[in-house]
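*Asks:* I have a structure I would like to understand better, so I am pasting it below and will then ask my questions one at a time.
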Amino acid sequence: MKASQAAGWGILAGAAGVAAMTIAEKIEQRFTRRPDSYVPAHTLERLLGLPHRPDAQRLGLNWTMHWGQGILLGAVRGLLAARGIRGRWAPSCF
1 MKASQAAGWG
11 ILAGAAGVAA
21 MTIAEKIEQR
31 FTRRPDSYVP
41 AHTLERLLGL
51 PHRPDAQRLG
61 LNWTMHWGQG
71 ILLGAVRGLL
81 AARGIRGRWA
91 PSCF
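Take the sequence shown: its position 77, counting from 1, is numbered 77 in the working numbering, and each next residue is one higher.
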């Protein structure tokens with residue numbers, strides 16, 4: 001499999017994984033009444049050196065970090081699999 005194909009499949013798998021986790025989290029929040037977490041936005045804000053903003057203004061950063069991280073790491077995981085790094089050793093590369 002070509003690297004571009006492996007990365008493409010990884011992107012799709014990463015997006016599917018983030019979607020499944022997000023759905024499960026939203027269901028859990030409905031039952032527990034736990035508020036949204038803005039940790040992804042706080043992290044991205046610090047990484048990019050952006051000024052501090054209230055959580056209500058961070059939704060875009062939150063989704064960017066949340067989805068971007070899952071999709072990017074999915075692509076990396078796809079590339080690892082294409083290079084033969086699979087099974088229980090693959091997660092140790094992260």
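Here a beta-carbon is modelled for each residue, glycine too, at the ideal position from N, C-alpha and C.
1. Pairs of beta-carbons, one from the region 23-31 and one from the region 63-83, closer than 8 Å: are there three or more?
2. What are the uninterrupted segments assigned as alpha helix (DSSP H) that are 4 or more residues long and contained completely in the region 33-87, given in chain order?
3. My assumption, with CB atoms under 8 Å, is that R58 sits in contact with A75. Please give the rounded CB distance.
4. Please report the Cβ distance between L85 and G14, rounded to the nearest whole angstrom; I am assuming they are in contact, meaning their Cβ atoms lie under 8 Å.
5. By Cβ distance, which residues of its chain are closer than 6 Å to W9, with the 5 residues on each side in sequence left out?
6. Should A56 be labelled buried (16 or more other beta-carbon atoms within 10 Å of its own) or exposed?
*Replies:* Result, derived from the coordinates:
1. Short answer: they don't touch.
2. The DSSP assignment places 39-48, 59-82 as complete runs of the alpha helix (DSSP H) inside the region 33-87, in order along the chain (cut-off: 4 residues).
3. The beta-carbon distance between R58 and A75, rounded to whole angstroms, is 25 Å. This is too long to meet the 8 Å contact definition.
4. Here residue 85 turns out to be Ile, not Leu, going by the sequence shown. About 16 Å separates the two Cβ atoms, so there is no contact after all.
5. The residues are G78.
6. Counting other Cβ atoms within 10 Å of its Cβ, A56 stays below 16 and is therefore classed as exposed.
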